[in-house]
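These protein sequence lines map, in sequence, to chains Y and W. Letter by letter, the first sequence follows residues 1 to 673 of the numbering used here. Letter by letter, the second sequence follows residues 674 to 983 of the numbering used here. For each residue, glycine too, the CB sits at the ideal point set by N, CA and C.
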Amino acid sequence: MARIGVFVCHCGENISRTVDTAAVAQALGEMPGVAHSTDYKYMCSDPGQSLIQAAIAEQKLDGVVVAACSPHMHEKTFRRAAANAGLNPFLCEMANIREQCSWIHDDREAATAKAIDLVRMIVEKVKHNQPLQPIHIPVTRRALVIGGGIAGIQAALDIADGGCEVVLVEKEPSIGGHMSQLSETFPTLDCSQCILTPRMVEVYQHPRIKLLSYSEVESLEGFIGNFKVTIRQKARFVDESKCNGCGDCTKKCPQKKIPSEFDAGLGTRTAIFVPFPQAVPNIPVIDRANCLLFKGRAKGKKKDVCGICARTCTRGAIDYDQEDRLVTEEVGAIVVATGYQLYTIGKIQPKEYLRGYGEYGYGEIPDVIDGLQFERLASASGPTAGEIRRPSDGKVPKTVVFLQCIGSRDPAKGIEYCSKICCMYVAKHTMLYQHKVHDGQAVVFFMDVRAGGKGYDEFTRRAMNEGALYLRGRVSKMYRDGEVIKVVGYDTLSGEQIVLDADMVVLATAMMPQLGIESLAQTLSVSYDQYGFINEAHPKLRPVETNTAGVFVAGACQAPRDIPDSVAMASAAASKILSLFSNAELSREPMVAHVNPATCTGCFHCERVCHFGAIQRKEVRDRQGNLIKVIAEVNEGVCQGCGTCQATCPSKSIELAGFTDAQVFSAINAIFA
Amino acid sequence: MRLGYYPGCSLHATARDFDESFRAVAGPLGIDLVEIEDWACCGATAAHNTNRLLSIALPARTLALAQEQGFDAVLAPCAACYNRLATARHAMEQDPELKEQIVGILKRPAFTNQVRVISVVELLRDMAATIKEKVVQPLADMKVACYYGCLLVRPHEVTGFDDDEDPRSMEEVVKATGASPVMWEKRLECCGGGFSLSRTASVVRLGRAILEDARKAGAQVMVLACPMCHNNLDFRQKAISKYREEPVGMPILYVTELLGLALGLAPRDLGLHRHYVSPQPVIEQVAAATRSLAGGEQPAALPAPPREEA
């Protein structure tokens, strides 16, 4: 006969107000197998825990049920108390009579009856509980950082400075991300590149950081502490070990009119190119789609049409026959820091739920540009060397209209969220513009000015004080009228319709996750929201963890983030990883599935339903080494204990420790007994 | 394709040409138009200005009749009728309580609010491929300004068939006829609507801006799909031209009339003789194009239409 102790908590008045706790304790005391039953005002308090520990010792209890709040709240507390009294902690369970009973009912009598049923269920379950031991997993003290923007750079440097190795993967030819494209940053107006490029160089020179630029994560195996990641290093057609970054090849390339991605289409680049002068690594890459030689080869020409770069290179670094390489890295933790892209303004949208602003003429009127394009115009390294000149005719615009909330906060366009940074960068743009064009007038159409952050509201106010005209309202359309752009809007504060003649219009478009983030998230088994932003494990208490153990998130791939936020998240993720790496092995709860090798038929239904890829195939051989069958095996490191496999298994060969069929069915039977 | 036809009051009166031209093109395009029996007023501006319940109940009655008469969809050519019917359907769809209330008022318990409401432009846009096949006189080189006005594509959640700020469906229909739509700015501006009689000066001012912008964009003809817009831009064009050195002279055609010409129908069958601004230049251009197609022969189907004076 089991000897189970039942401890009913009043939770002050939280439970006892609607549940007669004494009656519950008394009813349970009469149940077979219950050796001890009592109630107390605060079971989680020190005297409460002592009460449990004393009962375990005195009554020689072999199981404990605490009828109190949700196990999310205090299961750890009571298990620790039980363990301190010498009981295996997994023989202690909680019955939730607060959230699932007292808080949601009014009728005291019925609530008490329900509470008795709830506790009886858990008592029946605990009768079948087995002592369990925590699982220990070895840890590879090496991290993978995906994305080389400011978040990825910060995370990589923090982890590497903490003494662990880092593999930094960046899909573009250079690290730096969007921050390298910015002119100056809010709210201090310090030069973006000046604060970023030293960090980029630090990454490149760090002895513990392995930088894989122009590379993408292809696949992932394994689990926390033991990931094996396959990375595709895309062919640059330039041998990194030979190139010294002299830049002769890019000067001689005959293809000079390719719109530069770095300059957001406002400048041009060559087919063999380094995205920007401070690029890290400073090694060019050949853009196959625009290179004469590769275009010729694609058309099937036997003789190569160009080859000037190879002839120019004195070090023989150009290799037209280079191919993509797959490399495998072993890491213990991963940071996802893939950043953002801007909402597409025009009618053609990358996703079905999005709608564009055809009425703004973006793409048709050259002087209607987006925020990133304005950054390039204002940047000293940009196509106009920092002079504000409009794209159509190179004239200095005397009136520039800025429109906030383009795409964001507009369910009709598909994005309901606030993009968070636009109020700030528009205020910055107005200042940059008016600092450079003294007789220029900046006009801002806004919905609200949201400037939450240290020094942020002061910054937007400064923009207004420095002469930017803020009009509260939306713009319905824009069209070209001779040299000017007619901006038709509505000022909701004065109630007036407004038609402005603008020389240039800047659209503050929303931040969105990078296209293709869904497939990366699937590769990493992390969840994402309807827009593709990576979900954090808990919005308040676990902001940089994901639902997959060992995978962390930082920066704008999680939600719209500015630079300070991204850096803070990156450092947080890095410190989480360093604390993970501070142990030689990981210990985790033993609530994982186990396969009974004798009855498993190898149907692998479990493999198909497992969201986490925890099911492996295992060969069973006889003593002569002949293959008898292939059965399922659970990787304890990967298993998240969801129990889906257990529910699916047709031969009942797979069971979740702590939630076996015997435990669950006993609990269910208890209600009908 | 069998559709419940809801002409509304205007297509039986001032916009007879819209009715005639639509009925004329329906045949060649394989559309079976059956007028809904016992249809009543859509409520127009008057109802929704005074009583919301009335403004839903009036169109709902027509939708209920359409359901009883076995139609899946109601086609309302007049942009205002279309808007009122679609709004009523949408409102009842969004608010089941309202729908139940309306069912009680109408005393039609079987009404399910499943009948779709479609506009002429939406219908023709979806038939663009068929139109292309049936065109016998491609309107090549004709520059057409498509005018949407306010009601045809707005609000988006009610109409839903096109981008409410930058629609393209009428342009697609025009392209299917072989003509070239021009892009211009005032495609969605207000024409003055029902103020035609009470504030004529405002209507004239708005109409002038619309017509001058279309002219500036190089349009030879304007097409639209709203009797009120047609009235304000065709009938009022004389007043609009009053303070100009020369008349605007912009023929205003219903999109069905332009389509009818491309399908080779006689101008008189399309109601083109009912216009105040002569569509003669358009008709002659089509005739010239046809002559060159046919190798110089004058087709008999295009007599010059008699014109009614204002």
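**OP:** Please confirm if the stretch 908-920 of chain W is in contact with the stretch 776-785 of chain W, defined as three or more CB-CB distances below 8 Å between the two stretches.
**Re:** no
Original post:
Can at least three beta-carbon pairs, one atom from the stretch 733-749 of chain W and one from the stretch 788-805 of chain W, be found at a separation below 8 Å?
Top reply: yes
Original post:
Alpha carbon to alpha carbon, how far is Glu-981(W) from Gly-944(W)?
Top reply: Confidence at Glu-981(W) is low in this model, with a pLDDT of 49, below 50, so the placement of that residue should be treated as unreliable; the coordinate-derived value is given next. Each residue's Cα considered, the two are about 11 Å apart.
**OP:** Return the CA-CA distance between Ala-977(W) and Glu-710(W), expressed in angstroms with no decimal places.
**Re:** Residue placement at Ala-977(W) is flagged as unreliable, the pLDDT there being 49, under the threshold of 50; the coordinate-derived value follows with that caveat. The straight-line gap from Cα to Cα measures roughly 36 Å.
Original post:
Is the shortest distance between the beta-carbon of Lys-477(Y) and the beta-carbons of chain W less than 8 Å?
Top reply: yes
Subject >> Closest by C-alpha distance to Phe-227(Y), when choosing among Thr-548(Y), Pro-650(Y) and Leu-51(Y) >> reply: Thr-548(Y)
Original post:
Where do the ends of the alpha helix (DSSP H) carrying Met-73(Y) lie?
Top reply: 71-84
Subject >> Cut-off 6 Å between Cβ atoms - residues of its own chain near Arg-617(Y), not counting five sequence neighbours on either side >> reply: Val-630
Original post:
Grouping DSSP H, G and I as helix and E and B as strand, with all else coil, what is Tyr-821(W)?
Top reply: coil
**OP:** Under 6 Å Cβ to Cβ from Gly-267(Y), same chain only, skipping five residues before and after it: list those, please.
**Re:** Ser-260 and Pro-383
**OP:** To the nearest angstrom, report how far apart Ala-974(W) and Tyr-417(Y) are at their CA atoms.
**Re:** Note on Ala-974(W): pLDDT 47, under 50, position unreliable in the model; the coordinate value appears next. Cα to Cα, Ala-974(W) sits roughly 60 Å from Tyr-417(Y).
**OP:** Compile a chain-ordered list of the residues in the stretch 347-358 of chain Y whose CB is closer than 9 Å to at least one CB of chain W.
**Re:** Lys-347, Arg-355, Gly-356, Tyr-357 and Gly-358
Subject >> Same chain, Cβ closer than 7 Å to His-473(Y), neighbours up to 5 away in sequence not counted >> reply: With the sequence shown as reference, residue 473(Y) is identified as Gly, and His is not the correct amino acid for it. Closer than 7 Å at the Cβ level, and outside the excluded window around Gly-473(Y), lie Phe-445, Gly-489, Tyr-490, Asp-491 and Thr-492.
Original post:
Which residues of chain W have a Cβ atom closer than 7 Å to the Cβ of Ala-662(Y), listed in chain order?
Top reply: Residues of chain W passing the Cβ test: none, with the nearest at roughly 48 Å.
Original post:
Whose C-beta lies closer than 8 Å to the C-beta of Ser-70(Y) among residues of the same chain, with five residues either side of it excluded?
Top reply: Met-94, Asn-96, Arg-98, Glu-99 and Gln-100
Original post:
Hey, His-136(Y) and Ser-666(Y) are a contact pair by Cβ (cut 8 Å); roughly how many whole angstroms apart?
Top reply: With a Cβ gap of about 30 Å, His-136(Y) and Ser-666(Y) do not count as contacting.
Subject >> Chain-ordered neighbours of His-829(W) on chain Y, where CB pairs are closer than 7 Å >> reply: Ala-412
Subject >> Chain-ordered neighbours of Glu-838(W) on chain Y, where CB pairs are closer than 8 Å >> reply: Tyr-357, Gly-358, Glu-359, Ser-476 and Lys-477
Subject >> Coil, strand or helix - Thr-523(Y) by DSSP >> reply: helix
Original post:
For Ala-759(W), which residues of its own chain have a beta-carbon under 7 Å away from its beta-carbon, when the five flanking residues on both sides are left out?
Top reply: Val-790, Val-831 and Thr-832
Original post:
Given that Glu-858(W) touches chain Y, what residues does it touch there, using C-beta distances under 7 Å?
Top reply: Tyr-479
Subject >> Candidates Val-426(Y), Ser-219(Y), Tyr-343(Y) and Asp-321(Y), of which the one nearest Leu-520(Y) by Cα >> reply: Ser-219(Y)
Subject >> Cβ-Cβ separation, Gln-663(Y) to His-128(Y) (assumed contact under 8 Å), whole Å >> reply: 5 Å
**OP:** Less than 8 Å between the CB atoms is what I'm expecting for Arg-450(Y) and Cys-423(Y), so what's the real figure, rounded?
**Re:** 5 Å
Original post:
Is the CB-CB distance between Ile-146(Y) and Val-336(Y) below 8 Å?
Top reply: yes
Original post:
Near Tyr-343(Y), what residues of its chain come up, given a Cβ to Cβ distance below 6 Å and the 5 sequence neighbours on each side ignored?
Top reply: Gly-407, Thr-509, Ala-510 and Met-512
Subject >> Burial state of Ala-983(W) (16 or more Cβ within 10 Å) >> reply: Residue placement at Ala-983(W) cannot be trusted, given a pLDDT of 42 that sits under 50; what the coordinates show is reported in the next sentence. Ala-983(W) is exposed by the Cβ-count criterion.
Original post:
By a C-beta neighbour count over all protein chains shown, 10 Å radius and 16 as the cutoff for buried, is Asn-722(W) buried or exposed?
Top reply: exposed
Original post:
Would you say Gly-482(Y) reaches chain B, if we count a Cβ-Cβ gap shorter than 8 Å as a contact?
Top reply: The structure shown contains no chain B; its protein chains are Y and W.
Original post:
If you pair each beta-carbon of the stretch 747-754 of chain W with each one of the stretch 687-704 of chain W, do three or more pairs fall below 8 Å?
Top reply: yes
Subject >> Run of the alpha helix (DSSP H) containing Cys-754(W), from where it starts to where it stops >> reply: 752-767
**OP:** Ignore the nearest five residues each way along the sequence and tell me which others in Leu-118(Y)'s own chain have a CB closer than 8 Å to its CB.
**Re:** Ala-67, Ala-95, Asn-96, Ile-97, Gln-100 and Cys-101
**OP:** Take every Cβ of the stretch 829-848 of chain W, pair it with every Cβ of the stretch 792-812 of chain W, and state whether three or more of those distances are shorter than 8 Å.
**Re:** yes
Original post:
Quick one, are the C-beta atoms of Gly-613(Y) and Val-592(Y) less than 8 Å apart?
Top reply: no
Original post:
CB-CB under 7 Å to Ala-160(Y), same chain, minus the five flanking residues each way: which ones, in chain order?
Top reply: Val-166, His-206, Arg-208 and Ile-209
Original post:
Would you report the Cα separation of Pro-972(W) and Thr-963(W), rounded to the nearest angstrom?
Top reply: In this prediction, Pro-972(W) has a pLDDT of 47, which is less than 50 and means its spatial position is unreliable; nothing more can be read from the coordinates.
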